[in-house]
Amino acid sequence: MRTLLGISAYYHDSAAVLLVDGGIVAAAQEERFSRRKNDERFPEHAVRFCLKQGAIGLGDLDAVVFYDKPVVKFSRMLESFLAIVPAGLPAWLRVLPAWLSEKLNLRQTIRDELDGLPSECPILFTEHHVAHAASAFYPSPFDRAAILTVDGV
2 MRTLLGISAY YHDSAAVLLV DGGIVAAAQE ERFSRRKNDE RFPEHAVRFC
52 LKQGAIGLGD LDAVVFYDKP VVKFSRMLES FLAIVPAGLP AWLRVLPAWL
102 SEKLNLRQTI RDELDGLPSE CPILFTEHHV AHAASAFYPS PFDRAAILTV
152 DGV
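Residue 20 in the numbering used here is what sits at position 19 of the sequence shown, and the numbering runs on without skipping anything.
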């Protein structure tokens, strides 16, 4: 049995999903628990819900998977801000401290949030568009599919 916890957080609409052998056992957005629309914080309540639905603990996970690669996202953001210099400078200066203190070291940030996660449990980062594709494929009734993702990233 392969058990994965998927996490989306820190930008908008944080959420968690529990997959067991490729099937969705539970999924939830944090805003359903926090009552904060588009909640971007770590989805602690959604994670707890998913683990409870799956009747497992953090020690039963084979891996935790985050929906994006922090360095790639940082690079995309930098390109976006540089494209609109000098107008983008205030926004860049506003987000930079969080990036330098937490988001570039997301593996440790996630491990800190998932207090009790065994040190041998890997925290993996997928490519952003692969995460979108997975969110369409896994709930589908198909064993194979061609998926196109199109977004502003």
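Idealized CB from N, CA, C, for every residue including glycine.
Residue i versus the options, residue with shortest Cα-Cα distance
{"i": "Y1", "options": "D40, A147, A16 and I25", "result": "Lying before the first or after the last residue shown, residue 1 is absent from the chain, which here runs from 2 to 154."}
{"i": "E128", "options": "L83, R37 and V72", "result": "V72"}
{"i": "W93", "options": "T4, L79, T150 and L5", "result": "L79"}
{"i": "K104", "options": "C51, K74 and A88", "result": "K74"}
{"i": "T110", "options": "H130, G58, V65 and M2", "result": "V65"}
{"i": "F144", "options": "M2, T150, R36 and G24", "result": "Note that residue 144 is Asp in the sequence shown, not Phe. Of M2, T150, R36 and G24, the residue nearest in Cα terms is G24."}
Buried/exposed call for residue i, threshold 16 Cβ in 10 Å
{"i": "G60", "result": "exposed"}
{"i": "G7", "result": "buried"}
{"i": "E31", "result": "buried"}
{"i": "L20", "result": "buried"}
{"i": "P142", "result": "exposed"}
{"i": "V18", "result": "buried"}
{"i": "L101", "result": "exposed"}
{"i": "A88", "result": "exposed"}
Integer-rounded CB distance, given that residue j should sit under 8 Å from residue i
{"i": "A29", "j": "A47", "result": "4 Å"}
DSSP beta-bridge partners of residue i
{"i": "A28", "result": "V18"}
{"i": "L107", "result": "DSSP lists no partner for L107."}
{"i": "I85", "result": "For I85, which the question treats as bridged, DSSP gives no partner whatsoever."}
{"i": "L6", "result": "L19 and V65"}
Within-8 Å CB hit, residue i to chain C
{"i": "A134", "result": "Looking at the structure shown, chain C is missing, and only one protein chain is on hand."}
Threshold first: 4 residues or longer. Then list the alpha helix (DSSP H) segments lying entirely within the segment 117-150, N to C. 129-138
Considering only residues of the segment 38-77, which uninterrupted beta strand (DSSP E) runs meet the minimum length of 3 residues and lie entirely inside it, listed in chain order? 64-67
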